[in-house]
Amino acid sequence: MRRNRTFALFALGFRPFFLAAGISALVLMGLWLAFWQGIVPGGGYFNLVEWHAHEMLFGYTAAVVAGFLLTAVRNWTGMAVPTGGWLATLALLWLAGRMLVVTPQAPGWMVAAVDLAFLPALGWSLWRPLWFGPNPVNRFFLLFLAGMTLANGLVHLDVAGVGRELGLWQRGLYLMVDMVLLVLLLVAGRVIPFFTEKAVPDAVIRRRKWVEPASFATLGLAALAELLLPHGPVAGTACLLAGVVQGIRLQGWYGANHGIWRRPILWVLYVGYLWIVVGLVLRGLAGFGLFSHPLVLHALTLGGIGLLTLGMMSRVTLGHTGRDINATGWWMPLAFILLVLGTVARVFLPMLDMGHYVVWINTAGGLWMLAFLIFVLYYTPMFIRPRIDGRPG
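When we follow full-length UniProt numbering, the leftmost residue of the sequence shown carries the number 1, and every step to the right adds one.
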């Protein structure tokens, strides 16, 4: 039987947005390295450091969040989500935001308006199934999207010169990181134990009743402390507490389930979550002046967010194109390993040898780009073609 070769890029949300995330991960990192070293002149709405931070969070990461929610919400609720033309419109809105921030001629108000419109548009597209669906916990995703929009608003206010003395840029940046972490915590709590029990024979998941609410409460407290009293002992203490609770949560999932290491699509999620634990602890210690905040931030972003999103995009794409979720070949495990090595190069090697800081930055960026080049090459045919089992989506 011949496979249907019909173009299917806008059949379901993961397709355009995961493809956009993969390409943007390559392009944004490549441009950052070129800008940072003066190979290509920068220019546009943000300064170079602001642009890099903003685009990795509100560009790459927002695309992953959009693709995941526009796919998973249909499974969770059985209700309709945007497809076809409306999905394409959302993708174009996201793309317009990425283009405008690097267009020097674009008026500031236009850049801010278009960039700020994407997350509310995503929330509006999903509010009905999230709010009226069978699981009221899903309503928290609307809260997280609102928090992300607030974070982006703080960034744009700072660029406009409003409240710059309050450090709104820094507050908005960390608020976005924390909102993304809360989304990942909620998703990880659903998928990591489930995947472990399905993939590992005789797997034992220890679920402590107090850990689940405590994991969200402590991270929420850390986010609030960082927003109101950034980079100080109060925020540091809250981050340390959150890191300890996340570590207990992760240990309950892992226990003695050593079989996860035979499943790359599973161990990447565990390692990504471990980076969140490490990042929160380091961020807590940075609040007491023991570490550099930019370095420890990359443990959370490059390590935690990077690995978890790459792993989830891989798993979701395989599952929602009708393929075996373990069919990663050897290319994707290589990509996961490259990203782990890149995180080590970005976070720990500068701590050991600041004299080669430029080398470590280039190494980390290069490994990130190689990992996502593999992702784009491996999964692009799956994004644009229909499911191999003939089902819609």
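Idealized CB from N, CA, C, for every residue including glycine. Please read all numbers here as calculations on a predicted model, not as lab measurements.
Open item on the list: Buried or exposed, going by whether 16 or more other CB atoms sit within 10 Å of the CB of residue 260?
Closed with: As a first step, residue 260 is located in the sequence shown; it is residue number 260 there, counting from the start. The residue is buried, with at least 16 neighbouring Cβ atoms inside 10 Å.
Task: Local conformation of residue 6 per DSSP, three classes - done: Numbered from 1 along the sequence shown, position 6 holds the residue referred to as residue 6. DSSP places residue 6 in coil when its eight states are reduced to three.
Open item on the list: At the level of alpha carbons, what is the spacing between residue 195 and residue 90?
Closed with: On the sequence shown, residue 195 is found 195 positions in, with the first residue counted as 1. On the sequence shown, residue 90 is found 90 positions in, with the first residue counted as 1. The alpha-carbon atoms of residue 195 and residue 90 are separated by roughly 30 angstroms.
- [ ] Pull up the distance between the alpha-carbon of residue 8 and that of residue 393, whole angstroms please.
- [x] Residue 8 sits at position 8 when you count from the first residue of the sequence shown. Residue 393 sits at position 393 when you count from the first residue of the sequence shown. Rounded to the nearest angstrom, the two C-alpha atoms are 8 angstroms apart.
- [ ] Return helix, strand or coil for residue 42, following the three-state DSSP convention.
- [x] Translated into the one-based positions of the sequence shown, residue 42 becomes position 42. Three-state DSSP puts residue 42 in coil, outside helix and strand.
Open item on the list: Going by beta-carbon coordinates alone, are residue 295 and residue 350 separated by less than 8 angstroms?
Closed with: For the purposes of this step, residue 295 is taken as the residue at position 295 of the sequence shown. For the purposes of this step, residue 350 is taken as the residue at position 350 of the sequence shown. Yes, these two residues count as a Cβ contact at 8 angstroms.
Task: 8 angstroms contact criterion, which residue 93 and residue 144 should meet: CB distance rounded - done: Along the sequence shown, one-based indexing puts residue 93 at 93. Along the sequence shown, one-based indexing puts residue 144 at 144. Rounded to whole angstroms, the Cβ separation of residue 93 and residue 144 is 19 angstroms, and the two are not in contact under 8 angstroms.
Open item on the list: Rounded to the nearest angstrom, what separates residue 132 and residue 112 at their Cα positions?
Closed with: Taking the sequence shown and counting its residues from 1, the one referred to as residue 132 is at position 132. Taking the sequence shown and counting its residues from 1, the one referred to as residue 112 is at position 112. When rounded, the distance between both Cα atoms is 31 angstroms.
Task: Pairwise C-alpha distance: residue 361 and residue 165 - done: On the sequence shown, position 165 is the one that residue 165 refers to. On the sequence shown, position 361 is the one that residue 361 refers to. So the alpha carbons of these two residues sit roughly 30 angstroms apart.
Task: Which of helix, strand or coil DSSP assigns to residue 30 - done: The count along the sequence shown starts at 1 and reaches residue 30 at position 30. The answer is helix: DSSP assigns residue 30 an H, G or I state.
Open item on the list: Mapping the DSSP letters down to three states, classify residue 291 as helix, strand or coil.
Closed with: For the purposes of this step, residue 291 is identified with residue 291 of the sequence shown, where counting begins at 1. Residue 291 sits in coil when the DSSP states are folded into three classes, being neither helix nor strand.
Open item on the list: According to DSSP, is residue 58 part of a helix, a strand, or is it coil?
Closed with: Counting from one through the sequence shown, the residue named residue 58 turns up at place 58. Assigned with DSSP and collapsed to three states, residue 58 falls in helix.
Open item on the list: Does the contact criterion of 3 or more C-beta pairs under 8 angstroms hold for the stretch 62–80 versus the stretch 297–314?
Closed with: yes
Task: Rounded C-alpha distance that separates residue 200 from residue 24 - done: Residue 200 sits at position 200 when you count from the first residue of the sequence shown. Residue 24 sits at position 24 when you count from the first residue of the sequence shown. Near 34 angstroms, if we compare the C-alpha coordinates of residue 24 and residue 200.
Task: Backbone CA spacing between residue 403 and residue 122 [nearest angstrom] - done: No information on residue 403 is available, as it lies outside the stretch 1 to 393 that the chain covers here.
Task: Option nearest residue 319 by Cα separation, candidates 304, 278, 265 and 370 - done: Here residue 319 corresponds to residue number 319 of the sequence shown, with the count starting at 1. Ranking the options by Cα distance to residue 319, first place goes to 265.
TODO: Please go through the same chain and pick out, in chain order, the residues whose beta-carbon is closer than 6 angstroms to the beta-carbon of residue 174, but skip the five residues on each side of it.
DONE: Position 174 of the sequence shown, counted from the start, is the residue given in the question as residue 174. Within the same chain, and ignoring the five residues on either side of residue 174 in sequence, the residues whose Cβ sits closer than 6 angstroms to its Cβ are 226.
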